[in-house]
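Per numbering that gives the first Met the number 0, the very first residue in the sequence shown carries number 0; after that it's consecutive.
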Amino acid sequence: MQQKEDLRIVRTRKLLSATLLEMMEEQSIEKISVIDLCTRAMVNRATFYAHFEDKYHLLSFALEELKDKIYAKFTKEFYAESPRDVIRSVTFMAVSYLADKQSDIARVVKFNRNERVVHTLTESLAQSIKYQLGKVRDRYPSEVPAQMTAMCYAGAMVSLLIWLLDTPSALADPMLGEKLDALIAENLR
0 MQQKEDLRIV RTRKLLSATL LEMMEEQSIE KISVIDLCTR AMVNRATFYA HFEDKYHLLS
60 FALEELKDKI YAKFTKEFYA ESPRDVIRSV TFMAVSYLAD KQSDIARVVK FNRNERVVHT
120 LTESLAQSIK YQLGKVRDRY PSEVPAQMTA MCYAGAMVSL LIWLLDTPSA LADPMLGEKL
180 DALIAENLR
């Protein structure tokens with residue numbers, strides 16, 4: 000029988016996680032102290048250390064939650080006739096999500112380009128791409144393992160998303176959709 004986790008523990012972890020991500024929207028993880036985090040979350044430092052070893056342990060926990068959120072966002076059901084359609088759909092969803100000024104992920108990435116954050120985004124997108132590719136694999140068999148394909152495109156997507164974040168004029172370009180279509184058409188035949 001599976002034991003239920005104490006709701007106070009769940010609540011405290013979620014609160015600390017949300018507070019960390021909120022603070023990461025304003026500054027890098029390196030500049031955030033446990034004291035500042037606890038003050039903002041209105042949680043005692045002893046309570047923090049009862050749940051997490053340090054802020055990086057909390058970051059791992061927060062990124063896992065973020066990963067789940069991204070996965071849920073990009074595994075929505077959509078019709079794709081081919082692997083190319085899958086990549087196009089996921090790319091457009093990712094760019095649209097990034098372009099949303101309220102996107103917490105975009106704000107976190109803006110200040111935090113460390114390996115953990117980028118790796119988490121790549122892994123999340125790769126899981127989503129692999130899931131979506133699995134739906135068309137029977138019609139489009141490939142010698143390339145689905146995970147390899149997914150990681151390749153996810154890595155490219157994350158690099159593109161970071162570039163778009165760094166180049167606001169490109170993100171705001173009214174022709175961005177057409178340019179993405181051309182990019183995909185030229186490179187995925």
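We put the CB at the ideal spot given by N, CA and C, even for glycine.
Open item on the list: I'd like the span of the alpha helix (DSSP H) that includes residue 42, first residue to last.
Closed with: If you number the sequence shown from 1, residue 42 lands on position 43. Run containing residue 42: none; DSSP gives neither H nor E here.
TODO: Look at residue 132 and residue 145 and say whether their C-beta atoms are less than 7 angstroms apart.
DONE: Position 133 of the sequence shown, counting from 1, holds the residue named residue 132. Position 146 of the sequence shown, counting from 1, holds the residue named residue 145. It is a contact, given that the beta carbons lie within the stated cut-off.
Open item on the list: In whole angstroms, give me the CA-to-CA distance for residue 61 and residue 171.
Closed with: What you label residue 61 is simply residue 62 of the sequence shown in a count that begins at 1. What you label residue 171 is simply residue 172 of the sequence shown in a count that begins at 1. Spanning the two alpha carbons is a distance of roughly 29 angstroms.
Open item on the list: As an exercise, report each continuous beta strand (DSSP E) stretch of at least 3 residues that is fully enclosed by the segment 126 to 175, in chain order.
Closed with: If only complete runs of 3 or more residues are kept, the segment 126 to 175 shows no beta strand (DSSP E) anywhere.
Open item on the list: Could you tell me the alpha carbon to alpha carbon distance between residue 40 and residue 30, rounded to whole angstroms?
Closed with: Here residue 40 refers to the residue found at position 41 when the sequence shown is read from its first residue. Here residue 30 refers to the residue found at position 31 when the sequence shown is read from its first residue. Note on geometry: alpha-carbon atoms of residue 40 and residue 30 lie some 16 angstroms from one another.
Task: C-alpha gap between residue 0 and residue 69, whole angstroms - done: On the sequence shown, residue 0 is found 1 positions in, with the first residue counted as 1. On the sequence shown, residue 69 is found 70 positions in, with the first residue counted as 1. Per-residue confidence for residue 0 stands at a pLDDT of 47, beneath the threshold of 50, marking its modelled position as unreliable; the derived number appears in the next sentence. Residue 0 and residue 69 have their C-alpha atoms spaced approximately 30 angstroms apart.
Open item on the list: Helix, strand or coil, according to DSSP, for residue 19 in the structure here?
Closed with: Here residue 19 refers to the residue found at position 20 when the sequence shown is read from its first residue. Helix.
Open item on the list: Suppose you measure from the CA of residue 168 to the CA of residue 122; what does that come to, to the nearest Å?
Closed with: In the sequence shown, the residue the question calls residue 168 occupies position 169. In the sequence shown, the residue the question calls residue 122 occupies position 123. Each residue's Cα considered, the two are about 27 angstroms apart.
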